[in-house]
Amino acid sequence: MFKYFPHTPEDIQSMLDTIGVSSLDDLFAGIDLDLRKVKEFDLPSAQSEYEVRQTIKNLANHNQTFVSFLGAGSYDPFTPSVVPALTSRQEFLTSYTPYQAEISQGTLQYIFEFQSMMAELTGMDVANASMYDGATAAAEAMFMACAHTKRSKILLSESLHPRTIEVIKTYAKYRGLIVQMIKSTYQGLDMASLKAAMNQDVAGLMVGYPNYFGYLESYESLSSMLLDNKSLLIFQSDPSSLALFKTPRAWGADIVCGEAQSLGIAPSFGGPYLGYLATTKALMRKMPGRICGMSKDIDGKRAFVLTLQAREQHIRREKANSNICSNQSLMALSAVIYMSIMGKKGMEAVAKRAYDNAHYLEKALIATGRFYLVSSLPHHKEFVLRYDGDLSLLQSKWQAHGFLGGLNLDQHHCLFCAHETRSKDEMDRLVKVVGDIHG
Amino acid sequence: MVDVLIFERSVEGRVGYSIPSTTVPSQDVPFEFRRETPLKFPEVSELDVVRHYTILSQKNYGVDQGFYPLGSCTMKYNPKINEDMAKLDGFTQLHPLQDVATVQGALQLYDDMNKALSSLTGLAAFTFNGIAGAHGELIGLMIMKEYHLKRNDLRRTKVIVPISAHGTNPASSSLCGFEVVQVATNEHGCVDLDALKKVLNEEVAGIMLTNPNTLGLFERDICEISAMMHQNGSLMYYDGANLNALLGHVRPSDMGFDIMHINLHKTFSTPHGGGGPGSGPVGVRADLVDLLPNPQVRKIDNQYEWVNNPQSIGFVSGFHGNFLVVLRAYAYLLSLGKENIRQVSLLSVLNANYVKESLKTWYKLPIQDVCMHEVVFDGLISEKATTLEVAKRLLDYGYHPPTIYFPLLFHQSLMIEPTEVESKETLDAFIEVMKTIALEAISDPQLLKDAPHHTPVRRIDEVSAARNPILTMKDVLHE
Amino acid sequence: MSKVLNGLHYTKSHEWVKIEGNEAVIGISDYAQHSLGNIVYLETKEVGEDLTQFDELGTIESVKAASDILSPLSGSIIALNDEVIDRPELINDDPYGCWLVKMIIKDSNEINNLLTAEQYQLESK
Chain X
1 MFKYFPHTPE DIQSMLDTIG VSSLDDLFAG IDLDLRKVKE FDLPSAQSEY
51 EVRQTIKNLA NHNQTFVSFL GAGSYDPFTP SVVPALTSRQ EFLTSYTPYQ
101 AEISQGTLQY IFEFQSMMAE LTGMDVANAS MYDGATAAAE AMFMACAHTK
151 RSKILLSESL HPRTIEVIKT YAKYRGLIVQ MIKSTYQGLD MASLKAAMNQ
201 DVAGLMVGYP NYFGYLESYE SLSSMLLDNK SLLIFQSDPS SLALFKTPRA
251 WGADIVCGEA QSLGIAPSFG GPYLGYLATT KALMRKMPGR ICGMSKDIDG
301 KRAFVLTLQA REQHIRREKA NSNICSNQSL MALSAVIYMS IMGKKGMEAV
351 AKRAYDNAHY LEKALIATGR FYLVSSLPHH KEFVLRYDGD LSLLQSKWQA
401 HGFLGGLNLD QHHCLFCAHE TRSKDEMDRL VKVVGDIHG
Chain B
1 MVDVLIFERS VEGRVGYSIP STTVPSQDVP FEFRRETPLK FPEVSELDVV
51 RHYTILSQKN YGVDQGFYPL GSCTMKYNPK INEDMAKLDG FTQLHPLQDV
101 ATVQGALQLY DDMNKALSSL TGLAAFTFNG IAGAHGELIG LMIMKEYHLK
151 RNDLRRTKVI VPISAHGTNP ASSSLCGFEV VQVATNEHGC VDLDALKKVL
201 NEEVAGIMLT NPNTLGLFER DICEISAMMH QNGSLMYYDG ANLNALLGHV
251 RPSDMGFDIM HINLHKTFST PHGGGGPGSG PVGVRADLVD LLPNPQVRKI
301 DNQYEWVNNP QSIGFVSGFH GNFLVVLRAY AYLLSLGKEN IRQVSLLSVL
351 NANYVKESLK TWYKLPIQDV CMHEVVFDGL ISEKATTLEV AKRLLDYGYH
401 PPTIYFPLLF HQSLMIEPTE VESKETLDAF IEVMKTIALE AISDPQLLKD
451 APHHTPVRRI DEVSAARNPI LTMKDVLHE
Chain C
1 MSKVLNGLHY TKSHEWVKIE GNEAVIGISD YAQHSLGNIV YLETKEVGED
51 LTQFDELGTI ESVKAASDIL SPLSGSIIAL NDEVIDRPEL INDDPYGCWL
101 VKMIIKDSNE INNLLTAEQY QLESK
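Residue numbers (the numbering used here), protein chains in the order written: chain X, 1 to 439; chain B, 1 to 479; chain C, 1 to 125.
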């Protein structure tokens, strides 16, 4: 007998009798014996729970964790204890998609709250119930822009997250859409390059806010330029940053998308994360994914329900603009609990701390005399510096001291992240290693 | 305070967070970048948050509390050891871009899982870069497209999908730039071979199938179908949604499938989470391995590394998959082991047939054959109530309803999948309730028409929700 | 029983068209509105756009379904019924009174590809 299978031999016999067959094998009689000949598989032997624990802990012990100054799209935010305490509740963890609204009001309400908070952060009118991750959310934003404008070209800033760019390229390639890169340096988007690219094939432009390197570029002229061309402006933004900054909406964004992992979700070796998508009322019906709306029930009580479902894959089938079936519900719950408990003041405090920390670290690294500014743009949470020594050697020294010292962009440039969970002491110790190498 | 939004619990000045103090100096944000409107977020205490979401959870229904007969969803028990293991710092605190030398344990997990899934399915290799089932489908179709492009065969613009397929199949095909060609199914929901012959030509890139099909029946002609498709130079894609029926007994590769995706949140017990996160690993036959999305895990000189294959379809997600979900599935596989893996399918098929035989005197059984892991009824034999009414009445008895109105083949579809974790007692209790409801439909149909009576909300107005969508707190305040 | 109005032509996909000289007035049939259920949203192509017969002219959504509206004839759109676009639920009450789109017809011979009221009546049984 096995702990996940309740059937005793008596149960099985009784059930077989009801069915009218004599053995379990009879139930497979309709399947050709040829198809059933392989009976042994290259699997480990069954382990008791104690052994499973040992095996997996052993794997965990073969990994190393560090104090991280490495961002590049994945962060180690502070996760308040209430988050896992609440998300592990079985009614959230083990429940299904809320298609049966009457017994899913919990899920539907937190989705509504999540949508509200993402809309508030971005300044947009509506947000959906979440996407798989930031990169695929960006790809879906591209599909949205192309479907709405009925055009087939998307312009991407070179300063977007490289993986976002790659994923969009993959999606575009197979869908038959065209991706055109717009030159962008550490000083931001090259406006001449953008102007030259504008024509009637362009569905939209996507820029980072802040961009992959942490910089806040010049966004003022983008909205009118794109509007004149009947194209859409898409911002890819880290939502935890937006508590501090002018909203994408105020810059004229039509669609805002991105990775919301920084809202209290652990780095998790890359997943599961949390994509999000927000837009204007005008584009609401073009938005993929699940959307939850508020309504009333037959007794006049406030009630929540998945709405605008006619757009989704299970009704529109091949006419749908997306094939997305699930969202990242539990991650959205994690994020909404985080945002609730941080609240207005906490969200502002966390963003401000990241802003201050990054500036402190940048100054301290430059003060070593070995690091140099590469950009005059304002930045948030991340920044790039040029190093005049051996970056690989420095990185291994940092690692030996227990730090992930940022991301080497090339032989001389490093992308640093110093967000809210880094302390002054940690930053000082990181900088000290530089001093120790160079005397 | 019940039935309020978190925003409505807000009291100005209240806080629920704590962050360390610091002596790092404050920097001013440049004027032109300052937020133009104050952030309208809740201001609540920690206890407010705990009570709020605890109360919300009590309006939900999880597998941990009861039977979930949803067809094609495989709502099986989510083992707690899996949850525990997914909390270890040695996994949760890993940055995806860390030096490979520092994440050998994590990479080994991916590699071990790859080997296990390959063995179970007969395919050559799996990628874990698919972060949901539908995402896995899309990746599989991209591989299909790339395969033909590499052969310089530009005519392969179509994908065949049976009429009985799940909506993601045609949607994924379109997203990949394929034209969808529907093929008729016979009265068993199985692909009609003659209809298939008619649509097969040099424009067909492949076919998307699930086996058992969406009616819970095994496609007996599957080998003939794959022979036809391969003869035509087309590929066979397996939608792994129903893998629970065949796991450890029939390998998709033996049926002729070339590409497939698995739903770890179905077959491999990872939690549904209210609608995600899931994981959709994609497996392929040997000659397609180079096309798998980047990055891939390879063992080189005794060390696991990330490898970017130049022949790959490219990158398909932000990093390299929902690692913590794959981890849970791995723990599940370790617990099952080779000794128990074959029981999953046997017991789930037993359960489905038991429910089938027990309910067929009350609910129409359009197909009498032995079913696999799920059974489809076509509404009440008495026809005194609709499937929707039966489903709503089930809520009153504390059950999550089965899948309704899918597959589209029948007008009053009711699809039940009682996974292998459900005991005879659980099934008997469910069967009893279904019988009671069938009798109520005859003696007191109004009970069903007015159902549910005992849920937190009843009969939500979906029309207004779609006509005048209220989607955020902002909308509520403007109402 | 779905209502079928005389004097109109119909498509197999349940659109109706009233032909007045070289102008066509287009809507959806009683059968269509009934199948959809409560209509919540309507979207059409713009004024000035050219369509080929049976091209997609717009989409209509209810809570449970989304359907393409196909153009019964080839032509150029000259007017949209803004009132119905704003309040598509009016279609449920009066499908034949709620026109959606007016167009200038390109080729009146295409009418032969449509169904008469009697033929449509038989089709939509």
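We put the CB at the ideal spot given by N, CA and C, even for glycine.
For the C-beta of B:Leu39, the chain X residues within less than 8 Å are, from N- to C-terminus, Glu120, Leu121, Ala243, Lys344, Met347 and Glu348. Distance between B:His411 and B:Thr386, taken at the CA atoms: about 10 Å.
Within the same chain, and ignoring the five residues on either side of X:Tyr355 in sequence, the residues whose Cβ sits closer than 8 Å to its Cβ are Leu244, His380 and Lys381. Using a C-beta cut-off of 8 Å, the segment 446 to 462 of chain B makes contact with the segment 298 to 312 of chain X, since at least three inter-stretch Cβ pairs fall below that distance. At the C-beta level, B:Leu243 and B:Ile262 come within 8 Å of one another. Collapsing the DSSP output to three states places B:Lys158 in a strand.
DSSP lists B:Asp239 and B:Val282 as the beta-bridge partner residues of B:His261. Inclusion of B:Thr419 and B:Lys76 in the CB contact set at 8 Å is warranted, their separation being smaller than that value. Straight through space, the alpha carbons of X:Glu362 and X:Gln411 are spaced by roughly 19 Å.
If you check the CB distance, B:Tyr237 and B:Leu141 come in under 8 Å. A Cβ-Cβ separation of about 37 Å leaves B:Leu5 out of contact with B:Met434 under the 8 Å criterion. Out of X:Tyr338, X:Asp26 and X:Glu102, the CA that lies nearest to the CA of B:His454 is found in X:Glu102. Legend: CB atoms of the segment 466 to 479 of chain B lying less than 8 Å from CB atoms of chain C belong to residues Ala466 and Arg467. As the crow flies, the alpha-carbon of B:Gln343 is around 41 Å from that of B:Ser443. Counted as a single uninterrupted DSSP element, the alpha helix (DSSP H) harbouring X:Ala192 occupies residues Met191 to Ala197.
Scanning chain X for C-beta atoms nearer than 9 Å to the C-beta of B:Asn340 yields Phe2, Tyr4, Phe5 and Ala46, reported in chain order.
In the DSSP secondary-structure assignment, B:Asp378 is bridged to B:Ser413. Annotation: the continuous alpha helix (DSSP H) that includes X:Lys363 extends over Ser329 to Ala367. With respect to the C-alpha of B:Lys392, the residue from B:Leu439, B:Leu448 and B:Glu422 having the closest C-alpha is B:Leu448.
In the three-state DSSP reduction, B:Thr127 falls in the strand class (E or B). In its own chain, leaving out the 5 sequence neighbours on each side, no residue places its CB closer than 6 Å to the CB of X:Gln309. At a cut-off of 8 Å between beta carbons, C:Asn38 contacts chain B. Counting along the chain, C:Asp68 sits inside the beta strand (DSSP E) bounded by residues Ala66 to Leu70. Within 7 Å of the CB of X:Arg285, the CB atoms of chain C belong to Tyr41, in sequence order along the chain. In the assembly as shown, B:Phe319 is a buried residue. Its beta-carbon has 16 or more other beta-carbons within 10 Å. A distance below 8 Å separates the beta carbons of B:Ile341 and B:Leu247. Secondary structure at X:Cys146: helix, using DSSP grouped into helix, strand and coil.
Partner residues in the beta bridge of X:Ala127, as assigned by DSSP, are X:Ala278.
For B:Asn309, the secondary structure class from DSSP, reduced to helix, strand or coil, is coil. Contacts between C:Glu89 and chain B, judged by CB atoms closer than 9 Å, involve Val463 and Arg467 in chain order. DSSP places B:Phe31 within a helical segment (H, G or I) once states are collapsed to three. From the beta-carbon of X:Leu216, the residues of chain B found nearer than 7 Å are Phe33. Annotated three-state conformation of B:Asn294 is strand, per DSSP. Under DSSP, B:Gln303 shares a beta bridge with B:Ile300. Burial of B:His265 is indicated by the presence of at least 16 other C-beta atoms within 10 angstroms of its C-beta.
Taking a contact as a CB-CB distance under 8 Å, the pair X:Ala335 and X:Leu274 counts as one, their CB atoms being some 6 Å apart.
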